[in-house]
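To start, the structure under review is shown below, and the notes come after it.
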Amino acid sequence: MRSPVIVILSSSASENAARIQQAIGGDVHGLATRVAGADVSFAGTKAHLQSLFKDRTPIIAVMAAGAVIRLLAPVLDDKHAEPPVIAVADDGSAVVPLLGGHRGANDLARRVGEALGVVAAVTTAGDVKFGVALDAPPDGYTLSNPEHAKAFMAAVVAGAYVQIDGDASWLLASDLPIANDAKHRIVVTHQIVEGDAKTLVYHPKQLVVGIGCERECAVEEVQTLVQDVLAKNHVAKQSVAGVCSIDLKADEAAISEAARMLGVPFRVFDAATLEAQTPRLKNPSDIVFAEVGCHGVAEGAALAAVGVQGHLLVEKTKSKRATCAVAQAPDVITEMPGRARGTLFVVGIGPGSKEWRSPQVTRMVGEATDLVGYSLYLDLLGGLADDKTRHDFALGKEEDRVRHAMELAGQGKTVALVCSGDAGIYAMATLVYELIAKDGVSDAAKRIEVINAPGISALQAAAARAGAPLGNDFCTISLSDLLTPWADIQRRVRAAGEGDFVIAFYNPVSKRRRTQLAWARDELLRHRPANTPVVLATNLGRDGEAVRVVPLADLQVDDV
């Protein structure tokens, strides 16, 4: 479940919001006119709540339940897709799950209740009477026919008995009325079984799909192979807990896409771990050993994932360029073993204001286990950086910080490389790809998934403060000659002046560089009027913001 948002409308709710946030995480969103110091401020309660709901964000609203219902009523649509919505009394005396009870709201309400020292008012019939929600099974189980759960549960609440086929200790531990000859049946199996109004089918996530393939194998070939293997062996894809392979294939798109197709994690093992599975393989191969250092990738990876008590359910099956096998664990798998591929989020947080940070960036930072960046940028994240492992770097250590972030991701971690402005404009995104291209990082770091998130750049923020100077053709030029020869910079400034571009100068001066901006001013005066406006913007969106406009002829280096 995504991190929840705690919505408050008054400063009196701040203390309870802080207690909830400390217990379960998430950001506090406060009404701008009444709440100071919230992680995010909003102007209109109705629009903000509806926007969060449409975005499927779990909502903990510290406000009257009736108000929440009225505000969200116009956007209620698919009950199977709606996020959890909880109402909390302003004084913390009551916690009520309003929507999405069996999609996390009941459990979330209980956690909020524990944080506030009250009992959550869970009202769903199954939870209350039998201590179990049949349409919300525990981790490791999937209900294959949720459309029949309501009728099935209604019958049981009305007095029907239940027969249970398969291993399901969580059902046996409930207060469901169980009888071996009951007409209503619950089936727990990894096989494909059709359910109906009298038969609920649960698939335990006990299976792991192992995949091997040639480099750059077609995505369609691997997906078709996996689908065929599952179908021919009557295996329900809902019972697949993960996809595994050798670490050399961590960046293989075909295998990643097969995992995405099944909606499960992708994990890898090193060759030594797979080679240890050789005595258990049904189809060991000396050719595979010569290639990658183990006698079997598909079977070996699947068996490594299910452990010594697991067994091979489906032997290796071949297509032209890929292999697939399936292994079964003795119990459900709630946490996949092996190493994740590793993900690097390259995020731009904007000039620093929370309001200028995109929801995508906020989500990525929230998902990250580790944050890497210049200390000031990490500080600007505020509470969003709480409970994250910080890796602070000084200004000027750009390549070191990028390499460190990539190596962390190469260990299987989810890392956010935090940049100001937009990560692709005079920031770290370019360095990531340069290090991959020139072999500047380990093999594991080169196989990570890199996802870039755009941010609001300083030039956009400055332009917005000044009016609309970028409404026509414009360019950006960095005056720093650390990486670009000064002669090249001069040529670009001259060309921009001759082309009558609006120019955004980055890195205009430093303690060492005091002459470049003066040269640029003098060169531009050859092409522009003396009264051409120059916008000087500092600390945009942060405390100490200053924006002023001076004529080009009056621009002084010491003013910047």
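All residue numbers for the sequence shown refer to the numbering used here, where the first residue is 224 and numbers rise by one.
Note that the Cβ used here is the ideal one computed from N, Cα and C, for glycine as well.
Values in this document were obtained by computation on a predicted structure and should not be read as measured data.
Under the DSSP assignment, residue 492 falls in the beta strand (DSSP E) whose first and last residues are 489–492.
Within the same chain, 544, 545 come within 8 Å of residue 437 by CB-CB distance, once the 5 residues on both sides are set aside. In the structure shown, the three-state DSSP call for residue 656 is helix. A distance below 9 Å separates the beta carbons of residue 572 and residue 643.
Counting only runs of at least 4 residues, the region 306–368 fully encloses the following alpha helix (DSSP H) elements, listed from N- to C-terminal order: 328–339, 348–353. According to the DSSP assignment, residue 292 belongs to the alpha helix (DSSP H) that extends over 288–295. Classified as buried, residue 498 has 16 or more neighbouring CB atoms from the shown chains inside 10 Å of its CB.
Relative to residue 451, the option among 768, 539, 533 whose CA is nearest is 539.
If you draw a straight line from the Cα of residue 731 to the Cα of residue 709, it is about 13 Å long. Per DSSP, residue 532 is not a residue of any beta strand (DSSP E), being assigned neither H nor E. Look at residue 271 here: in three-state DSSP terms it is helix.
Judged by pairs of C-beta atoms under 8 Å, the region 553–572 touches the region 422–436, as three or more such pairs exist.
Spatial neighbours of residue 616 in its own chain (CB-CB distance under 8 Å, excluding positions within 5 residues in sequence) are listed in chain order as 595, 596, 597, 598, 623, 624, 627.
Counting of Cβ neighbours within 10 angstroms places residue 299 among the exposed residues, the total staying below 16. Per DSSP, the continuous beta strand (DSSP E) segment holding residue 423 begins and ends at 422–427.
If you draw a straight line from the Cα of residue 465 to the Cα of residue 668, it comes to about 22 Å. Residue environment: residue 654 is assigned as buried (16 or more neighbouring CB atoms within 10 Å of its CB, all protein chains considered). Under the criterion of beta carbons closer than 8 Å, residue 231 and residue 249 do not qualify as touching, at roughly 12 Å. With three or more CB-CB distances shorter than 8 Å, the region 482–492 counts as touching the region 454–472. In this structure, residue 294 lies away from residue 256, with their beta-carbon atoms at least 9 Å apart. In this structure the region 574–585 does not touch the region 441–455; the number of beta carbon pairs closer than 8 Å is below three.
Sequence-distant partners of residue 262 (beyond 5 residues in either direction) whose C-beta falls short of 6 Å from its own C-beta, in its chain, are 250, 251, 606. Going by beta carbons, residue 421 and residue 378 fall inside the 9 Å limit.
By the C-beta density criterion, residue 227 is buried, having at least 16 other C-beta atoms within 10 angstroms. Under the three-state reduction of DSSP output, residue 413 falls in the coil class, being neither helix nor strand. Residue 535 sits close to residue 503, with the two beta carbons spaced by under 9 Å. With 16 or more other CB atoms across the displayed protein chains lying within 10 angstroms of its CB, residue 649 is buried.
Under the 8 Å Cβ criterion, the region 359–373 counts as touching the region 406–424, having at least three qualifying pairs.
Of the residues 707, 748, 603, the one whose Cα lies closest to the Cα of residue 723 is 748. Ranking 559, 590, 258 by CA distance to the CA of residue 236 puts 258 first. Each residue's CA atom was taken as its position, placing residue 739 and residue 712 some 9 Å apart.
In the DSSP assignment, residue 553 falls outside any beta strand (DSSP E) and carries neither an H nor an E. Look at residue 614 here: in three-state DSSP terms it is strand. Per DSSP, reduced to three states, the secondary structure at residue 539 is strand. Taking C-beta atoms as the reference points, residue 305 and residue 322 count as a pair closer than 9 Å.
For residue 230, the enclosing beta strand (DSSP E) has its first and last residue at 228–231.
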